[in-house]
Ligand code: GLC
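Numbering (my numbering), first residue to last: -3 to 541.
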């Protein structure tokens, strides 16, 4: 293997939402001890290379852990620091890297920093958050909105000012223009690096720097285009968010943070992947840094909002390939804890072709827990709704509970997620668990899990898939996406049929190849003719001499 390719480039990252993965202590909520129990599944049965843990820090859980009240500890709901250390040790012993989720844009309103900050106007931590007077007419300081609905400003009665929150009012934004804030947060990063983590997923990384003058956002002339390219965020989407996030000063902060990671990387490589939602691809690519000295990877969400359409998927992949700077590394993701399950967005049958797409594109890959067994969105009865976004913005389907339901391990009580005596898991378990679960799928050679296992095994064995170049091929049926991955003398051709009908592909490209894998898991071997017949929703990987 090419020494220049590091674990986060050629490996596959698996996202764990700790509340929903495995409940070891029987309180209906997943925990870190539960993750430890399942490491063998991840490293051996599935074969991923790294895990990303969504937040497990002390938190009042207004946003299920993305409202942090202490950056350097573990919430008792999930365990304690000793359990975290055991997890890192056990993961490393299996060759799995560990990525933790940092939330630098905001704290919880119960964080001691904010409690101090709001205690009086002259408190030394007042300036750690963004406080403003109302306008002369008594109205809000500006027109910024919270992502989760309503204004981004909440009035504080005691000190007679507004504070800024880009998300919930329980998530006040830190003032990153205050050097003490930056130092305190950098220390939190060091805390986890010292504990042995291999990297960070950085929550809404681009949000930390706003316009210093807090100018109003203008209306968004491309609101509809954005809504159809990603998702309709209601009133929030009608504004162009040029002043409330992504101010150019943000790049300097991440260059400094990168230097800290680089110091630690002398020992072994550490990485950071930023959650950056940026519609303009040039601006998105700028987060790699002018000298590739910022994010190792800015998360690429371009395939999250894509319709299941071969031409559009190809267009978006080619656009990413064109914009990733020379020497930088692309990445792809199809699911996470904020988006509807891929099997629900694309369809259960299409999810198999989507799995092949994800694991054969050029770049780092992130998988969301449960997608490997084909979990779908779960309908949540109104009395069990948890997610504040779903509660605050009605009617747009923005609630994220459906994609956060407990992992389905077997067909026993609580789907094997929680001990049998647990009466109620934090979110309901999908009714499809007797069929869709790890134990059943491990034993079924044609299951979704079997497909992921084969794809992951091929990915780890094939230099073309891990390191190779990418080139899309034209000339075939419109509803097929065909591309080549090549490294030295290994040539692979991937052909994906997005349609519900048979498609025939002709030409030299297919002649003399060997079919290595079909999404249907029912054929392989030498291709006799130059004609390739793809059945409905079939994807294939073909090896060529
Ligand atoms: C990110 C997280 C999301 C969270 C929000 C606020 O988008 O992925 O789950 O609610 O930031 O921290």
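By construction, the Cβ of each residue, glycine as well, lies at the ideal position given by its N, Cα and C atoms. A quick note: this is a predicted structure, and the numbers were derived from the prediction, not measured.
* To do: For residue 345, collect the residues of the same chain with a Cβ closer than 6 Å to its Cβ; drop the 5 residues on either side in sequence, then sort them by chain order.
  => 533
* Short check: CB of residue 463 to CB of residue 483, under 8 Å? -> In contact: residue 463 and residue 483 (Cβ atoms closer than 8 Å).
* Check: residue 333 C-beta below 7 Å from any heavy atom of the ligand GLC -> Relative to the ligand GLC, residue 333 has its C-beta within less than 7 Å of a heavy atom.
* **Residues near residue 278 in its chain [Cβ-Cβ closer than 7 Å; skip 5 each side]** => 319
* To do: Tell me whether residue 327 sits in a helix, a strand or coil according to DSSP, three-state version.
  => Residue 327: strand per DSSP, three-state reduction.
* To do: Spatial neighbours of residue 401 within its chain, please: CB distance less than 7 Å, with the 5 preceding and 5 following residues excluded, ordered by chain position.
  => 16, 374, 423, 424, 425, 426
* Start and end of the beta strand (DSSP E) containing residue 501? -> 499 to 501
* Residue of 329, 350, 333 minimising C-alpha distance to residue 339 -> 350
* For residue 267, the first and last residue of its enclosing beta strand (DSSP E) -> For residue 267, the enclosing beta strand (DSSP E) has its first and last residue at 267 to 270.
* To do: Look at the alpha carbon of residue 73 and the alpha carbon of residue 130, and state the distance between them as a whole number of angstroms.
  => 39 Å
* First through last residue of the alpha helix (DSSP H) which encompasses residue 544 -> This structure does not reach residue 544, given that the chain is present from -3 up to 541, and the question cannot be answered.
* Asked: Of the choices 140, 177, 66, whose alpha-carbon is the least far from that of residue 120?
  -> Relative to the Cα of residue 120, the nearest Cα in the group 140, 177, 66 belongs to 177.
* **Straight-line Cα distance separating residue 11 from residue -2** => Low confidence applies here, because residue -2 scores a pLDDT of 44, under 50, leaving its location unreliable and the question unanswered by this model.
* According to DSSP, residues forming a beta bridge with residue 158 -> 128, 151
* To do: Specify the secondary structure class of residue 346 as computed by DSSP and reduced to three states.
  => Here residue 346 sits in helix by DSSP.
* Asked: Going by beta carbon distance, what residues of the same chain come within less than 6 Å of residue 418, once the five residues before and after it are set aside?
  -> 22, 24, 410
* Is residue 199 near the ligand GLC, with its Cβ less than 7 Å from a heavy atom? -> Checking the Cβ of residue 199 against the ligand GLC gives yes.
* Under three-state DSSP, which class holds residue 10? -> strand
* Asked: How about residue 52: is its Cβ closer than 7 Å to a heavy atom in the ligand GLC?
  -> Taking 7 Å as the cut-off, the C-beta of residue 52 does not count as close to any heavy atom of the ligand GLC.
* Just curious, the beta strand (DSSP E) that residue 540 is in, first and last residue? -> That run of the beta strand (DSSP E) goes 535 to 540.
* Asked: What are the partner residues of residue 452, as DSSP defines its beta bridges?
  -> Beta-bridge pairing links residue 452 to no other residue.
* Please name the residue or residues paired with residue 504 in a DSSP beta bridge. => Paired residue(s): none; residue 504 is not in a bridge.
* To do: Report buried or exposed for residue 408, applying the criterion of at least 16 other Cβ atoms within 10 angstroms of its Cβ.
  => exposed
* What number of angstroms, rounded off, separates the C-alpha of residue 76 from the C-alpha of residue 126? -> 32 Å
* **Cβ distance (whole Å) where residue 473 is taken to contact residue 499 below 8 Å** => 5 Å
* Excluding five sequence neighbours on each side, which residues of the same chain lie with their C-beta closer than 6 Å to the C-beta of residue 480? -> 467, 489
* CA-to-CA distance, residue 453 to residue 91, given in whole angstroms -> Their Cα atoms are separated by approximately 15 Å.
* Helix or strand or just coil, what does DSSP make of residue 523? -> The DSSP-derived three-state label of residue 523 is coil.
* the ligand GLC heavy atom lying under 7 Å from the CB of residue 163 -> yes
* Whole angstroms is fine: what's the gap from residue 282's alpha carbon to residue 171's? => The straight-line gap from Cα to Cα measures roughly 23 Å.
* Applying the criterion that 16 or more other CB atoms from any shown protein chain within 10 Å of the CB defines a buried residue, is residue 323 buried or exposed? -> exposed
* Counting only runs of 4+ residues fully inside the region 39 to 122, write out the alpha helix (DSSP H) ranges in chain order. => 77 to 89, 108 to 113
* Straight-line gap, residue 412 to residue 535 (C-alpha atoms, nearest Å) -> 32 Å
* Asked: Is the region 78 to 89 touching the region 24 to 44 in the sense that three or more CB pairs, one from each, lie closer than 8 Å?
  -> yes
* What three-state label does DSSP hand residue 3 in the structure shown? -> Look at residue 3 here: in three-state DSSP terms it is helix.
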